[in-house]
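So the sequence lines, in the order shown, correspond to chains A and B.
For the first sequence, the working numbering gives the first residue as 1, with consecutive numbering after it.
For the second sequence, the working numbering gives the first residue as 1001, with consecutive numbering after it.
Glycine residues also receive a C-beta, built at the ideal position from the N, C-alpha and C atoms.
All values reported here derive from a predicted model rather than from experimental measurement.
One structure is given here, and the rest of the page talks about it.
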Amino acid sequence: MSLDPYVVALAKLPGLDGASRSQLESLARGMTYEQFNGRTFINEGEASDALYFLLDGQVEVIRSTGTGDRVVVGLISGPAILGFAGALAHRERLASVRARGHIDLLRLSHDRAHALLNRDDDVSAVLRRALMVHLANQLARADRLFGRLASSAGGSELASTLVI
Amino acid sequence: MTDPQFQSLLEGNGLLSGLDPLSRTALCMYFHPADFAAGEVLLAAGGGGDRMLLLLSGQVEVRVPAGGDTHAVATLGPDNLLGEVAFFGQDQPRTADVVALDTVRTALLDRATYQTMLASDPGATETLEKLVLDLMLDRVAETNDRMVELVRAHADDPAFRATARMLASRE
Chain A
1 MSLDPYVVAL
11 AKLPGLDGAS
21 RSQLESLARG
31 MTYEQFNGRT
41 FINEGEASDA
51 LYFLLDGQVE
61 VIRSTGTGDR
71 VVVGLISGPA
81 ILGFAGALAH
91 RERLASVRAR
101 GHIDLLRLSH
111 DRAHALLNRD
121 DDVSAVLRRA
131 LMVHLANQLA
141 RADRLFGRLA
151 SSAGGSELAS
161 TLVI
Chain B
1001 MTDPQFQSLL
1011 EGNGLLSGLD
1021 PLSRTALCMY
1031 FHPADFAAGE
1041 VLLAAGGGGD
1051 RMLLLLSGQV
1061 EVRVPAGGDT
1071 HAVATLGPDN
1081 LLGEVAFFGQ
1091 DQPRTADVVA
1101 LDTVRTALLD
1111 RATYQTMLAS
1121 DPGATETLEK
1131 LVLDLMLDRV
1141 AETNDRMVEL
1151 VRAHADDPAF
1161 RATARMLASR
1171 E
């Protein structure tokens, strides 16, 4: 099967836009293509066994409140990497993720991601840098969100939860 | 010219303690000293990610601008990395001011030096990036935990939920 569509899609991801074709092919070779329509494909509380490269579409990030209620705490549009923090730390999923309509994904298993990251080559470096960009972007978004919540709620309690 | 006290502080910094001595020494070559007096701004909110700093001694305060005001959200001491989010993120301006509370000594890595490292020293680059990746993973986990606490604490507040939903969708 041709890797062309995956390589083209991966090249659009922040952090992978400077990678060579052969590097992207090496990355794509270890992934599986999946698509969902309105379905929850990451479930809060489950073991993090993979990370996802969202190629196209939009997902909702949903948290339970502890009282049985569920709150949409984020919307993420492709291209983006999902579920990488849990997958790399191998901790349980802290939120559920549901497709908003149709989405296209590439799935990279936890074991494969670790194997790639522990290799001593340029593909490992490319994946590491892409993850760093996404982690940094996610942290920046979280900081801005906490800051705005603090501002809109006007409370120091909210401000004190901000992670810089 | 080498500053022995700076080298000693840098190589003894807790964030680098997990590295093997050779890797640590190789990485430290790329940092240079940057000192700040009390009240000086180390990093400014809204600025670009042209540098990151390893805090070696002294205390800093992190101040976040919000709603026309500034909130002090953390006081940090040695063994903290500053500015790595804007440094490694794409088009992510700094979200906070970092201000020296007393005399502060840091180890600074600027963008140009990092580019030199990228081009010529894959070993030091890998050491640095793995270190920062691990720190970021810890911070994301901590951020997620705090977000969970926040949602839980304010779950019954319709105004909070509406605000959170609106802000999340704007991102």
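CA-to-CA distance, residue j to residue i, given in whole angstroms
i: V1132/B; j: F36/A; result: 33 Å
i: D1157/B; j: L54/A; result: 32 Å
i: D1097/B; j: A47/A; result: 37 Å
i: H134/A; j: V59/A; result: 16 Å
i: H1032/B; j: L88/A; result: 31 Å
i: M31/A; j: I81/A; result: 13 Å
i: V92/A; j: G86/A; result: Before going further, note that residue 92/A is Glu rather than Val in the sequence given. Approximately 6 Å between the Cα atoms of the pair.
i: T1095/B; j: S2/A; result: 42 Å
i: Q1147/B; j: S1023/B; result: A small fix is needed here, since residue 1147/B is Met in this sequence, not Gln. M1147/B and S1023/B: Cα-Cα distance of roughly 36 Å.
i: D1121/B; j: L116/A; result: 20 Å
i: N1080/B; j: L127/A; result: 25 Å
i: A166/A; j: Q1090/B; result: Given a span of 1 to 164 for chain A in the structure shown, any question on residue 166/A remains unanswerable.
i: L75/A; j: G101/A; result: 13 Å
i: T67/A; j: N1144/B; result: 18 Å
i: D111/A; j: L51/A; result: 10 Å
i: F41/A; j: R1105/B; result: 47 Å
i: E1061/B; j: L1043/B; result: 11 Å
Short CB-CB distance (under 8 Å) between residue i and chain B
i: M31/A; result: no
i: A11/A; result: no
i: V73/A; result: yes
i: S35/A; result: Reading the sequence as shown, one finds Gln at residue 35/A and not Ser. No - not a single Cβ of chain B is within 8 Å of the one on Q35/A.
i: L135/A; result: yes
i: Q128/A; result: What sits at residue 128/A in the sequence shown is Arg, not Gln. Cβ-Cβ to chain B under 8 Å: yes for R128/A.
i: L131/A; result: yes
i: P14/A; result: yes
Contact list for residue i against chain C, beta-carbon separation under 8 Å
i: A1100/B; result: Protein chains in the displayed structure are A and B, and chain C is not among them.
Chain A within 8 Å of residue i, Cβ atoms only
i: Q1229/B; result: Because chain B is modelled from 1001 through 1171, residue 1229/B falls outside the range shown and cannot be assessed.
i: T1106/B; result: no
i: E1040/B; result: no
i: E1126/B; result: yes
i: T1116/B; result: no
i: T1075/B; result: no
i: T1095/B; result: yes
i: Q1090/B; result: yes
i: L1010/B; result: no
Legend entry - the stretch 1061-1069 of chain B touching the stretch 1120-1131 of chain B, judged by at least three CB pairs closer than 8 Å: With the cut-off at 8 Å, the stretch 1061-1069 of chain B and the stretch 1120-1131 of chain B do not touch.
Legend entry - Validate contact between the stretch 1081-1092 of chain B and the stretch 1035-1055 of chain B using beta carbons, cut 8 Å, 3 pairs: Flag = yes, the stretch 1081-1092 of chain B and the stretch 1035-1055 of chain B touch.
Legend entry - Ranges of the alpha helix (DSSP H) found wholly within the stretch 1059-1112 of chain B, counting only runs of at least 4: Restricting attention to alpha helix (DSSP H) runs no shorter than 4 residues, the stretch 1059-1112 of chain B encloses them at 1084-1088, ordered along the chain.
Legend entry - Near-chain A residues of the stretch 1129-1154 of chain B - C-beta to any C-beta below 8 Å: E1129, K1130, V1132, L1133, M1136, L1137, R1139, V1140, A1141, E1142, T1143, N1144, D1145, R1146, M1147, V1148, E1149, L1150, V1151, R1152
Inset, instruction - Would you list, in chain order, the members of the stretch 1077-1088 of chain B that have their beta-carbon closer than 9 Å to a beta-carbon of chain A? - result: Those would be L1082, E1084, V1085, A1086, F1087, F1088, in chain order.
Inset, instruction - For the stretch 32-93 of chain A, list the beta strand (DSSP E) runs that are entirely contained and at least 3 residues long, ordered along the chain. - result: 32-37, 40-42, 50-64, 70-77, 80-82
Inset, instruction - Report yes or no: do the stretch 1016-1034 of chain B and the stretch 1100-1114 of chain B share at least 3 C-beta pairs separated by less than 8 Å? - result: The stretch 1016-1034 of chain B, when compared against the stretch 1100-1114 of chain B, does touch it at the 8 Å Cβ threshold.
Legend entry - Members of the stretch 84-98 of chain A that neighbour chain B once the beta carbon cut-off is set at 9 Å: Along the stretch 84-98 of chain A, the positions whose C-beta sits under 9 Å from a C-beta of chain B are F84, A85, G86, L88, A89, R91, L94, A95, read in chain order.
Legend entry - Three CB pairs or more closer than 8 Å across the stretch 1032-1045 of chain B and the stretch 1099-1107 of chain B: yes
Inset, instruction - Check whether the stretch 92-101 of chain A touches the stretch 128-146 of chain A, counting contact only when three or more Cβ pairs, one atom from each stretch, lie closer than 8 Å. - result: no
Inset, instruction - Tell me, please, whether the stretch 14-28 of chain A touches the stretch 39-46 of chain A by the rule of three or more beta-carbon pairs shorter than 8 Å. - result: no
Legend entry - Inside the stretch 1015-1058 of chain B only - alpha helix (DSSP H) runs reaching at least 4 residues: Fully enclosed alpha helix (DSSP H) runs of 4 or longer: 1021-1028.
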